[in-house]
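Undergrad: Right, I'll just put the structure down here and ask away after.
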Amino acid sequence: MRQNELLSESAGPAPRPLRHRWQLGVAILVCFFVAVDSGGNEPQEKTGGDTTPSVDTELAPVESVDAATRSMWLIDGIVIDADTSKKIDRFTVTPGSLSTDDAGKSMVRWRDNLKREMTEGRLRWPRTSGFSVMRFRVSADSYIPVTTQRIWRGGPHTRVIIRMKQIKEDSNPPLT
C-alpha cells in the first residue's frame, strides 16, 4: 500500500481538462520558401531539383531563421538575374493592395507612394507596412518586372528568390 502511495505522489496531480480553446497556448510558425521567375510571373515552390548556379544566391535554410527575423520581416529574399544568377544591384519594390471591382473581379492597386528602393540584391519588406493582403511588384532597369503571389501581412515569414529576365533589345525591332 505504501508503494502505491509513493507512485501516485511521484506522478504528480492528474492533468486538468482544457475548458477553453485559448488555454492550449500553442503557436505554430510556418515559413514558406518561394522561387519567383519572371518568365511566367507565376511563383513556384522551391524544390531540391533546381540546377541554377548558386554563386552567393542561396538563402539559409528556413529552419535557421531566428524568431526576431521572422517577426520583423514579412518577406526576406534575394533578387537575381535569371541568366547569370548574379544579384541585381538596385531595384524597386512596389506593394499592391487587392480589391474587387463592381463586377467582382479581383484587381491589384499598385501603391507607388509606398514603393521602396533596395540594393545589393536584398529584398526585405517589414511586417508592419502595407495592407492586410498584398502583392509586390519588383522592377529594375532593363529587366522585365516580376509580381509575387498574394502575401498576407499577418501570414508566415516568406522567403523568396526572384529571378528577373533582362529585356532583349532585339526582341521587338522597330517598324520601318
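Residue numbers for the sequence shown follow my numbering, beginning at 89 and rising by one. In this text, a Cβ means the ideal position worked out from N, Cα and C, and glycines have one as well. Being a predicted model, the structure only gives us computed values, none of them experimental.
1. In terms of DSSP beta bridges, what is residue 163 paired with?
2. Write down every uninterrupted run of the beta strand (DSSP E) in the segment 184 to 212 whose length is 3 residues or greater and which is fully enclosed by it, in chain order.
3. Out of 209, 162 and 170, which one is the CA nearest neighbour of residue 251?
4. Who are the Cβ neighbours of residue 195 in its own chain at under 8 Å, not counting the five residues just before and after it?
5. Taking all protein chains shown into account, do 16 or more other C-beta atoms lie within 10 angstroms of the C-beta of residue 246, making it buried, or fewer, making it exposed?
6. Return the CA-CA distance between residue 183 and residue 162, expressed in angstroms with no decimal places.
7. Would you kindly check if the distance between the Cβ of residue 214 and the Cβ of residue 160 is under 8 Å?
8. Pull the bridge partners of residue 226 from the DSSP assignment, please.
9. With a 10 Å radius around its C-beta and 16 neighbouring C-beta atoms as the bar for buried, classify residue 248 as buried or exposed.
10. How would you label residue 168, buried or exposed, when you count the other beta carbons within 10 angstroms and need 16 or more for buried?
11. Measure the C-alpha to C-alpha separation of residue 253 and residue 179 and round it to an integer number of angstroms.
12. Whole angstroms is fine: what's the gap from residue 234's alpha carbon to residue 227's?
13. Alpha carbon to alpha carbon, what distance is there between residue 256 and residue 175?
14. For residue 173 and residue 191, I'd like the C-alpha separation in whole angstroms.
15. Per DSSP, what kind of secondary structure is residue 241 in: helix, strand or coil?
16. Using only the alpha-carbon positions, how far apart do residue 199 and residue 211 sit?
17. DSSP has residue 168 in a bridge; who is on the other side?
18. Going by C-alpha distance, which of 166, 177, 224 and 242 is nearest residue 203?
TA: Considering the structure as presented:
1. Within the sequence shown, the letter at position 75 stands for residue 163. Bridge partners of residue 163: 213 and 246.
2. 194 to 198 and 204 to 207
3. In the sequence shown, the residue the question calls residue 251 occupies position 163. When each option's Cα is compared against that of residue 251, the closest is 170.
4. Position 107 of the sequence shown, counting from 1, holds the residue named residue 195. Within the same chain, residue 195 has close Cβ partners 186, 187, 188 and 189.
5. Within the sequence shown, numbered from 1, the residue matching residue 246 stands at position 158. Classification for residue 246: buried.
6. For the purposes of this step, residue 183 is taken as the residue at position 95 of the sequence shown. For the purposes of this step, residue 162 is taken as the residue at position 74 of the sequence shown. Whole-angstrom Cα-Cα distance: 12 Å.
7. Taking the first residue of the sequence shown as 1, we reach residue 160 at position 72. Taking the first residue of the sequence shown as 1, we reach residue 214 at position 126. For residue 160 and residue 214, yes; Cβs fall inside 8 Å.
8. Numbered from its first residue, the sequence shown carries residue 226 at position 138. Partner(s): 181 and 234.
9. Locating residue 248 in the sequence shown gives position 160, counting from the first residue. Answer is buried; the Cβ neighbour count reaches 16.
10. Counting from one through the sequence shown, the residue named residue 168 turns up at place 80. Buried, by the Cβ-count rule.
11. For this step, residue 253 is matched to residue 165 along the sequence shown. For this step, residue 179 is matched to residue 91 along the sequence shown. Each residue's Cα considered, the two are about 13 Å apart.
12. Taking the sequence shown and counting its residues from 1, the one referred to as residue 234 is at position 146. Taking the sequence shown and counting its residues from 1, the one referred to as residue 227 is at position 139. Looking at the two C-alpha atoms, the distance is approximately 7 Å.
13. Position 87 of the sequence shown, counted from the first residue, corresponds to residue 175. Position 168 of the sequence shown, counted from the first residue, corresponds to residue 256. Taking the straight line from one Cα to the other gives about 19 Å.
14. In the sequence shown, counting from the first residue as 1, residue 173 sits at position 85. In the sequence shown, counting from the first residue as 1, residue 191 sits at position 103. Roughly 42 Å separates the two Cα atoms.
15. Position 153 of the sequence shown, counting from 1, holds the residue named residue 241. DSSP places residue 241 in coil when its eight states are reduced to three.
16. By 1-based counting over the sequence shown, the position of residue 199 is 111. By 1-based counting over the sequence shown, the position of residue 211 is 123. Their backbone Cα atoms lie some 17 Å apart in a straight line.
17. Along the sequence shown, read from residue 1 onward, the residue named residue 168 stands at position 80. DSSP output for residue 168 lists 175 and 251 as bridge partner(s).
18. Sequence index remark: in the sequence shown, residue 203 carries index 115 (1-based). It is 224.
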